[in-house]
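J.:
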Amino acid sequence: MKLSLPIPSQCHLCGLRIDSTMEHHLWCSHCHRQMALHIKRCHCCGLQIETQADKCGQCLKSPPPWHQMYCLGDYQYPLSTLIQQIKRQKRYWLLPPLARMLNSLILHPAPMVVTVPMSWHQYLLRGFNLSEVIANEIAKSTPQTQLMPNVFLKHARAPMQKTLDKTARLRNVRRAFSLHQRPKASHVAIIDDVVTTGATVRHLSELLLDVGVEKIDIYCLCRTPK
Numbered sequence: 001m002k003l004s005l006p007i008p009s010q011c012h013l014c015g016l017r018i019d020s021t022m023e024h025h026l027w028c029s030h031c032h033r034q035m036a037l038h039i040k041r042c043h044c045c046g047l048q049i050e051t052q053a054d055k056c057g058q059c060l061k062s063p064p065p066w067h068q069m070y071c072l073g074d075y076q077y078p079l080s081t082l083i084q085q086i087k088r089q090k091r092y093w094l095l096p097p098l099a100r101m102l103n104s105l106i107l108h109p110a111p112m113v114v115t116v117p118m119s120w121h122q123y124l125l126r127g128f129n130l131s132e133v134i135a136n137e138i139a140k141s142t143p144q145t146q147l148m149p150n151v152f153l154k155h156a157r158a159p160m161q162k163t164l165d166k167t168a169r170l171r172n173v174r175r176a177f178s179l180h181q182r183p184k185a186s187h188v189a190i191i192d193d194v195v196t197t198g199a200t201v202r203h204l205s206e207l208l209l210d211v212g213v214e215k216i217d218i219y220c221l222c223r224t225p226k
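Just so we're aligned: the sequence shown equals residues 1 to 226 in full-length UniProt numbering.
(1) On the premise that C42 lies in contact with C14, defined as a C-beta separation below 8 Å, what is that separation, rounded to the nearest angstrom?
(2) DSSP beta-bridge partners for S178?
(3) Leaving aside the five residues before and after L82 along the sequence, list all residues of the same chain whose C-beta is less than 6 Å from its C-beta, in chain order.
(4) Could you give the C-beta distance for L153 and A135, rounded to a whole number, given that I count them as a contact under 8 Å?
(5) Ignoring anything shorter than 3 residues, give me the beta strand (DSSP E) runs that lie fully in the stretch 54-131, in order along the chain.
(6) Counting beta carbon pairs with one atom in the stretch 108-124 and one in the stretch 181-190, are three or more of them shorter than 8 Å?
(7) Hey, out of Y70, L79 and S104, whose CA is closest to A36's CA?
(8) Would you mind sorting A185 into buried or exposed? The rule is 16 or more other CB atoms within 10 Å of its CB.
(9) DSSP state of residue 229, grouped into three classes?
(10) Following the continuous beta strand (DSSP E) through V213, name the residue where it begins and the one where it ends.
(11) Round the Cβ separation of E214 and P65 to the nearest angstrom and send it over; I've been treating them as touching at under 8 Å.
(12) Of all the options A99, L107 and N150, which has the alpha carbon lying nearest to the alpha carbon of L221?
(13) Following the continuous alpha helix (DSSP H) through H32, name the residue where it begins and the one where it ends.
(14) What span of residues does the beta strand (DSSP E) with R191 cover, start to end?
(15) Specify the secondary structure class of L204 as computed by DSSP and reduced to three states.
The following block contains the structure:
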């Protein structure tokens with residue numbers, strides 16, 4: 001999929017004219033500030049925290065199976081709007097700058113990235129997997145990082161996670177995904193567009209740990225706040 005990058009004169013979010021000094025030329029300085037990229041977050045779960053500690057109390061008490069989660073911000077305006085514009089309106093040119101912004105937050109890139117899969121039915125309906133596009137952008141801009149496709153499989157009969165509550169997500173995810181092939185690295189990053197409850201990336205992390213992967217990070221555009 002070709003991701004062309006037009007230079008509009010208006011912000012894709014609010015419609016106001018864009019300051020010519022803005023680096024990305026896709027949204028105005030006001031909307032960019034609303035992304036709140038520098039809010040303090042737990043290094044493990046990606047949720048906002050008020051303290052200066054690196055981890056929240058919940059992750060200290062019960063650590064997730066991954067090492068660190070990197071995300072741009074919460075799944076709310078303006079990031080939620082941008083993601084919906086990409087998914088539903090096929091505004092693919094909005095994705096490369098978001099992927100580069102995410103990549104700039106990653107201090108120690110994993111040598112290999114893998115993606116949260118879609119079922120063949122979902123793929124036919126949408127035409128692309130947003131996680132794969134993000135992964136391609138990150139691998140392209142990080143020479144030491146390789147994308148390994150098709151590590152996981154998504155089974156078509158399983159309900160979509162977004163249609164379920166937290167308890168049902170945890171139960172559903174174990175029959176929704178399976179390991180297709182073992183990654184050829186000991187440090188792997190799983191890429192998703194939005195992490196909601198964390199049930200999907202938790203299960204995928206456990207699948208990787210079961211086959212000998214030693215360190216797992218999570219890269220996502222957004223984290224759904226509690």
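We put the CB at the ideal spot given by N, CA and C, even for glycine.
T.: Let's see:
(1) Going by Cβ atoms, the distance from C14 to C42 rounds to 30 Å, so no, they are not a contact pair.
(2) L153
(3) L94
(4) Contact doesn't hold; Cβ gap of about 16 Å is too wide.
(5) 68-74 and 112-115
(6) yes
(7) L79
(8) buried
(9) Past the edges of the chain, shown from 1 to 226, lies residue 229, and the structure says nothing about it.
(10) Run containing V213: none; DSSP gives neither H nor E here.
(11) Actually they do not touch by this definition, with Cβ atoms about 12 Å apart.
(12) A99
(13) S29 to Q34
(14) According to the sequence shown, residue 191 is Ile rather than Arg. Run containing I191: H187 to V195, per the beta strand (DSSP E) assignment.
(15) helix
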